[in-house]
Amino acid sequence: MNEKDQDTPASQALAREQDLKGPSGNPVPPSNDRFPRLFGLIVILIAFGFVGGWASLAPIDSAVVAQGTVTVDTYRKTVQHLEGGIIRTLHVRDGDTVERGDLLIQLDETQARSSYLVNYNRYLAELARRARLEAELEGEERIDFPEELTAGAEGEGRATRVMATEEREFKARREALDGEVSVLRQRIDQLQERIEGMESQRQSRLRTIASLEDELESRGRLAERELLPAAELRPLERQLAEAEGEAGELQASIAGARIEIGEAELQIIQLRRELSREVAAALRETNTQIDALEEELQALEDTLRRKQIRAPVDGEVVNMRFHAEWAVIGPGEPILDLVPGDEPLVVEARVRPQDIDSVTLGQPADVRFTAFSFRTTPVVEGEVIFVSADSLKDEQTGESYFLSRIVVGEEEMRQLGAVSLRPGMPADVMIKTGERTPMAYLLKPLTDALARAFTEN
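If you count by the UniProt record's numbering, then the sequence shown holds residues 1 to 457, one letter each, in order.
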């Protein structure tokens, strides 16, 4: 038989009796630790109940944590130049504070000013030409030059010269026209005198005709009574016919002279009309040239103004790319940056794509400026004023993010005391998304996993 077969009820009773005795063989008194065990269990249950109730009912703030950077409300201004050029004079250095309109850099304007003067001289010449053409078209005795020419004539040699040139041209053209008209007028006067002479001769012939007719009539009556031979009437009849022929020729010559006068007067009209057409065409061309030159001068004036690079806003000069005179600036090349000094500061935060569904406009956010001591710098409250409509990507790291902008109110900024914020400083941002219980925090990974697990493909 083995030992298991020897484990009889009698041996088991003997073993229990030995357990109730101590090492000396005396009986062991019954144990009294039941109450402490029960009390400890109750305390544990109460603690777990309290913690569980707190975890299920106590609300705590939930937030989206993001890294941010301090910037100005309208961002840093990068100063560029449209055409570029050669630096003539530098008026600022990094760190200088400037006001809007202050001169930053003077570019060399030799070429631009030369182009401007060439076109301006052409413009003055066209103005003077237009004034002369208008005077010719209106038949004026003198040219009425515009104030733009006369006002600067004393100090503007070019204006004086172009006016003198047009005065000479006006006089020469007027004398040429007057000369042609004068020749035609003289021709008309000569024809008029011829007409007067021929008219006198015609009147004389008419009187001769009347006299011959009277004499012929008297002698004709005598010849009818045979008191006078009929042959004596023939000379009178021949004289009368000759006189009537001469009178007719004179009448025809007078008519021809009058036609010539009409032709001469028509030539005068045609001369003036042709001149008017020529002047009108030249005036239209001149006006077109003036309009084109005005636009060209305006563009050149803008170019000259841009040779003076001025501050677009109040601010501080930073990140100057050029530090020497006669350096060449390329078209559109950044020259320097201006950090606006009178605009409110905001914090730009990068929100992770998985957190963007919890961020909306108007949400409160706690901002801590990590450049300062955590012990002495309080957390200030701001408000979300912008959330980008689409994700952006960091060009260096390739990380995707949504851009959010948080503005801190003046009252909150005053809590910072003497702390001076500057653009570019880092900040920690906690965008408050609402309240949740600790239990919800603990169970969220589990509920999310279950939601994904029980989603049917």
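Note that beta-carbon positions come from the ideal geometry of N, C-alpha and C, so glycine has one too.
In this text, all values refer to a predicted model and were calculated from it rather than measured experimentally.
- Cβ-Cβ separation between residue 283 and residue 174: approximately 16 Å, too far for a contact (criterion under 8 Å).
- Under the three-state reduction of DSSP, residue 366 is assigned to strand.
- Separation of residue 200 and residue 226 (C-alpha to C-alpha, rounded to the nearest whole angstrom) is 39 Å.
- When Cβ pairs closer than 8 Å are counted between the two stretches, the segment 141-148 is seen not to touch the segment 306-322, the count staying below three.
- Between residue 402 and residue 388, the CB-CB gap stays under 9 Å.
- A check of alpha carbon separations from residue 137 across 272, 413, 303 identifies 272 as the nearest.
- Relative to the Cα of residue 339, the nearest Cα in the group 318, 285, 115 belongs to 318.
- In this structure, residue 361 keeps its C-beta atom at 9 Å or more from the C-beta atom of residue 112.
- A check of alpha carbon separations from residue 95 across 380, 408, 320 identifies 320 as the nearest.
- DSSP, read as helix, strand or coil, puts residue 340 in strand.
- Residue 247 is positioned such that its CB atom lies closer than 9 Å to that of residue 205.
- At the C-beta level, residue 365 and residue 329 stay beyond 9 Å of one another.
- Residue 431 carries a strand assignment under DSSP once its states are collapsed to helix, strand and coil.
- A straight-line Cα-Cα distance of about 36 Å links residue 410 and residue 398.
- Boundaries for residue 232: no beta strand (DSSP E) harbours it, and the DSSP string shows neither H nor E there.
- Cβ-Cβ separation between residue 70 and residue 425: approximately 4 Å, consistent with a contact (criterion under 8 Å).
- In this structure, DSSP gives residue 63 an extended state, which the three-state scheme calls strand.
- Inter-residue distance for residue 298 and residue 172 is about 34 Å (C-alpha atoms, whole angstroms).
- From the listed residues 404, 377, 241, the smallest Cα separation to residue 390 is found for 404.
- Between residue 257 and residue 191, the CB-CB gap stays under 9 Å.
- Residue 376 is positioned such that its CB atom lies no closer than 9 Å to that of residue 368.
- The C-beta distance from residue 76 to residue 428 rounds to 22 Å, too long to fall under 8 Å, and the pair is not in contact.
- DSSP places residue 78 inside the beta strand (DSSP E), whose first and last residues are 77-80.
- The Cβ atoms of residue 216 and residue 233 sit closer than 9 Å to each other.
- With respect to the 9 Å criterion, residue 128 and residue 165 are classified as neighbours on the basis of their beta carbons.
- In this structure, 90 is the residue among 90, 82, 49, 47 with its C-alpha nearest to the C-alpha of residue 322.
- Under DSSP, residue 225 forms no beta bridge with any residue.
- If the five residues before and after residue 351 are omitted, its C-beta is found closer than 7 Å to the C-beta atoms of 64, 66, 359, 401, 402, 404, all from its own chain and listed in chain order.
- Residue 43 sits exposed, since fewer than 16 C-beta atoms from the chains shown fall within 10 Å of its C-beta.
- Taking the Cα of residue 88 as reference, the smallest distance to any Cα among 218, 210, 325 is reached at 325.
- Residue environment: residue 417 is assigned as exposed (fewer than 16 neighbouring CB atoms within 10 Å of its CB, all protein chains considered).
- Secondary structure of residue 393 (DSSP, three-state): strand.
- Taking 9 Å as the cut-off, the beta carbon of residue 149 is found no closer than this to the beta carbon of residue 307.
- Excluding sequence positions up to five before and after residue 239, its CB lies within less than 7 Å of the CB of 212, all in the same chain and listed in chain order.
- In this structure, the beta-carbon distance from residue 124 to residue 158 falls below 9 Å.
- The beta-bridge partner set that DSSP reports for residue 316 consists of 97, 339.
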